[in-house]
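Step one of this worksheet: look at the structure below.
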Amino acid sequence: MEKVLRSFFLFLSKSKFLTKMAKKYGLRFGASRFVAGETIEEAVQKIKELNDKGLAVTVDYLGEFVDTEEEANNHTNHCLETIEAIGREKLDAQLSLKLTSLGLDISEETVMNNMERIMAKAKENDVFITIDMEDHTRCEKTLDIFKRLKQKYGNIGTVLQAYLYRTEKDLNDLNEYAPNLRLVKGAYKEPAEVAFPDKKDVDENYKKIIATHLENGHYTAVATHDDQIIDFTKKFVQEKGIKRDQFEFQMLYGIRPEKQLELVKEGYKMRVYVPFGTDWYGYFMRRLAERPANVAFVFKGIFRK
Ligand code: FDA
C-alpha cells in the first residue's frame, strides 16, 4: 500500500495543472506544516524563530521545471531578494536552489547567466549556495555546472543522492574539487536502470558515501530523518576522530522538529531546510510520497488554510 501511495503522490507532484491551481489558491491542505509561508517576510520570521533555538537554516524559494526565460528571470530575482534578506537581517542561513527553476531546461546560457547573478549577490552578502539535485536526467548537467562554478567561487556546494548507481563514481570524480556536499537518499521516482529499487541497498550506499566523503576530509551535510543513519554518522565520526566542524546534520522544516533540537542539545550542528513561496505544490507532494503517514495531516488541513 505504501508503495502505491508513494507512486501516486510522485505522479501528482508532476501535474502542471495542479501546480498552477495550487499557486492560484495559496497554501492549503496542511502544506504550511512543511512550507514556511508564501512571502519572504513570513519566511524571515520563521527563520529567526529557528535561529533563536540554535538551528541553522538553508532557505529555498520554491520553484521547479520553469520553461520560459521570463519565469527563470523572475525566479532568479526572488533568489536575489532572499540572499539580500539573509544579509540584511543577519540570519544564520544559506540558500538552496534548483537549476530547473533558473532555466536549466531552456538553455545552458540562461541557467549560467542566472547562476552568475546569484553567485555575485551571494559573494556580496557572504551567503553559501547549495544546488539541490533533481531527477537523474538532470544529474550530469547539474554536476557540470557545479564544477564550473566551484572553480570560480568558494561558497557553493551541491547534493549527491545515495539511490543512484552512479553516485559512488560521482563522489570520486568530485574529490579534487574538495566539495562541500549534502548527501541524501534521493526523493524522485527513478527507474531500476539508474537507481537501487531496494531501500536496504540505498541505506547501505548512503552509509558508504557518508564514510567516504568524511574520510576524504571534506565538509559533509548528512541530510536525513533516519535515526539509523544519524547514529551511524555519530559513531563513525567518533571512531575516526572527525571534528564536529567538518560535518552537520540537516532535516526538512516541519519534520522531526524534536529530533532537530535534540541534536542541537548534543552539540551537533543542525541545519533546517526551509522552503517558502507560492510554488509549494510539487515539494509538498514529494513530502507526502516519502511518508504517506503525513497524509493524515492533509485530511486535517483540507478544512483550514
Ligand atoms: P526515510 O524517508 O527512508 O525515512 C527513514 C526513517 O526516518 C523512517 O523510517 C522514520 O524512522 C524516520 N522518519 C522519516 N520521516 C519522519 C517523520 N516525518 N517523522 C518521524 N520519523 C520520520 N532529495 C533529493 O533528491 N535532492 C535534494 O536536493 C534533496 N535535498 C534535501 C535536503 C534536506 C535538508 C533533506 C533533509 C532532504 C533532502 N532531500 C533531497 C530528500 C531526501 O532525498 C529524502 O527523500 C528525504 O530526506 C527522506 O529520506 P530520509 O533520509 O529522511 O529517510
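When the sequence shown is numbered by full-length UniProt numbering, its final residue is 305 and no position is left out of the sequence of numbers. Note that the Cβ used here is the ideal one computed from N, Cα and C, for glycine as well. Here the structure is a predicted model, which is why all the values come from computation and not from measurement.
Asked                                                                                                                                                                                : Found
Roughly how many angstroms separate the alpha carbons of glycine 282 and leucine 12, rounded to a whole number?                                                                      : 8 Å
Tell me phenylalanine 146's beta-bridge partners as DSSP assigns them.                                                                                                               : Its beta-bridge partners do not exist; DSSP assigns none.
Does DSSP classify phenylalanine 299 as helix, strand or coil?                                                                                                                       : Only weak support is given to the placement of phenylalanine 299: the predicted model assigns it a pLDDT of 45, under 50, and the value that follows is read from those uncertain coordinates. The answer is helix: DSSP assigns phenylalanine 299 an H, G or I state.
Are isoleucine 47 and leucine 91 touching if we call contact CB-CB under 7 Å?                                                                                                        : yes
For threonine 82, report the span of its alpha helix (DSSP H) as first-last.                                                                                                         : 69–88
Could you tell me which residues DSSP puts in a beta bridge with leucine 95?                                                                                                         : Val59 and Ile129
Have a look at lysine 185 and leucine 171 and give me their C-alpha separation to the nearest angstrom.                                                                              : 14 Å
Where does phenylalanine 284 sit, in a helix, a strand or coil, going by DSSP?                                                                                                       : helix
For the beta strand (DSSP E) that contains alanine 223, what are its first and last residues?                                                                                        : 220–223
Quick one: is valine 57 buried, meaning 16 or more other Cβ sit within 10 Å of its Cβ, or exposed?                                                                                   : buried
Are arginine 166 and threonine 130 close, meaning C-beta to C-beta below 7 Å?                                                                                                        : no
So for isoleucine 156, helix, strand or coil by DSSP?                                                                                                                                : strand
Check each candidate in Phe249, Pro275, Phe146 and Ser107 and name the one with the smallest Cα separation from residue 306.                                                         : Here the chain comprises residues numbered 1 to 305, so residue 306 is not present and cannot be evaluated.
Confirm, please, whether the CB-CB distance from valine 66 to serine 101 is below 7 Å.                                                                                               : yes
On the three-pair Cβ rule with 8 Å, is the segment 189–206 touching the segment 150–167?                                                                                             : yes
Return yes when the C-beta of aspartate 92 is under 6 Å from any heavy atom of ligand 1, and no when it is not.                                                                      : no
When we look at the beta-carbon of glycine 254 and count the other beta-carbons within 10 Å, is it buried (16 or more) or exposed?                                                   : buried
Give me, in chain order, the residues of the same chain whose beta-carbon lies closer than 7 Å to that of arginine 291; leave out the 5 immediate sequence neighbours on both sides. : none
Throw me the rounded Cβ distance for the residue 307 and isoleucine 145 pair, which I believe falls under 8 Å.                                                                       : Since the first residue of the chain shown is 1 and the last is 305, residue 307 is not available in this structure.
Once you ignore the five residues that flank arginine 256 on each side, which residues in its own chain have a CB closer than 8 Å to its CB?                                         : His225
Looking at ligand 1, does it come within less than 6 Å of leucine 252, judged from the CB to the closest heavy atom?                                                                 : yes
For the putative contact between serine 7 and lysine 189, defined by C-beta atoms under 8 Å, what is the C-beta separation to the nearest angstrom?                                  : 7 Å
Can you tell which of Glu69, Met251, Leu252 and Tyr206 has the C-alpha that lies nearest to the C-alpha of phenylalanine 232?                                                        : Tyr206
Does DSSP classify tyrosine 165 as helix, strand or coil?                                                                                                                            : coil
Based on Cα-Cα distance, which residue from Lys200, Asp52 and Leu174 lies nearest to glycine 217?                                                                                    : Leu174
Can you give the Cα-Cα distance for arginine 117 and threonine 76, rounded to whole angstroms?                                                                                       : 8 Å
Determine the burial state of threonine 220: buried for a count of at least 16 other Cβ atoms within 10 Å of its Cβ, exposed for fewer.                                              : buried
Can you tell me which of Pro179, Asp279, Leu214 and Lys259 puts its alpha carbon nearest to the alpha carbon of lysine 240?                                                          : Leu214
Counting C-beta neighbours from all protein chains within 10 Å, is the total for glutamate 134 16 or more, i.e. buried, or is it exposed?                                            : buried
With 16 other CB atoms within 10 Å as the buried threshold, where does arginine 271 fall?                                                                                            : buried
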